[in-house]
Ligand code: HPA
């Protein structure tokens, strides 16, 4: 089964026929909200809003472990995560990117299942942090519905919830980052730890601090409209993913 984890701008899927909701409990606590089960076209899917259905859970407060554990227990094998990002590279707001790499700058988050007394030490391979299969599926779906997307990009995960300084964004650019967001990690690594095939659809909400029209400040008042329009395209891509 396919799971969609929705981020800012995507707290529900309009094109989903909902069959049931389930409040899940996990050894790691409660997920961000009830799991919403349903169908898109011919495909069984489950949806979870990363920041809660009322958008009240900050990026550093999301219980990433509980979210992915609950999805795994529900029978999920593949996850498409949707995340809004700032553009470090020259991707104008509204651009959809399917990143291929991650740099993790977050700290203090519960970032592994492999800890605690009696848990054997375990090192996952994370050379390619995203699933090739799920990335290909998303890219094919986007091509199939003629939605332009950028294939590849380096996602920098920052701690938030504040936005970055211009100098921090300069550093991320020097490090090779193309996108900056606050939720990509530890989500991607946790998915790998429990063998969920995971990829991200990143939606550029704004130019990152000091770039493009964010030279002096990030125009926060414009983000809502940008995401609303872009999420319509993301929903179409997800719908197409469910056709096969
Ligand atoms: N920085 C970090 N996270 C973000 C941004 C940003 O500029 N825009 C959307 N998520």
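Residue numbers (our numbering): 106 to 349.
All residues carry an ideal CB built from backbone N, CA and C; glycine is no exception.
Requested in this report: Could you give the DSSP three-state label for residue 140: helix, strand or coil?
Outcome: strand
Query raised in the report: Residues in its own chain within less than 8 Å of residue 350 by CB, not counting five upstream and five downstream?
Result: Because the chain spans 106 through 349 in this model, residue 350 falls outside it and cannot be assessed.
Query raised in the report: So what does DSSP say about residue 169, is it helix, strand or coil?
Result: helix
Requested in this report: Rounded to whole angstroms, what's the CA-CA distance from residue 151 to residue 342? Just pull it up for me.
Outcome: 16 Å
Query - Identified DSSP bridge partners for residue 152 - result: 109, 141
Report task. Report the residue from 207, 205, 317 whose alpha carbon sits nearest the alpha carbon of residue 275. Result -> 317
Requested in this report: Return the chain-ordered list of same chain residues with a C-beta closer than 8 Å to the C-beta of residue 121, the five sequence neighbours on each side being excluded.
Outcome: 141, 143, 144, 145, 150, 152
Report task. Assuming residue 111 and residue 207 form a contact by the criterion Cβ under 8 Å, report the distance between their Cβ atoms to the nearest whole angstrom. Result -> Between residue 207 and residue 111 the Cβ distance is about 19 Å, and since that is not below 8 Å, they are no contact.
**Report entry** Contacting residues, own chain, Cβ-Cβ under 8 Å from residue 173 (five flanking each side not counted)
**Finding:** 184, 292, 295, 296, 299, 301
Report task. For residue 116, verify whether its CB is less than 8 Å away from any heavy atom of the ligand HPA. Result -> no
Query raised in the report: If you measure from the CB of residue 113, is any heavy atom of the ligand HPA nearer than 8 Å?
Result: yes
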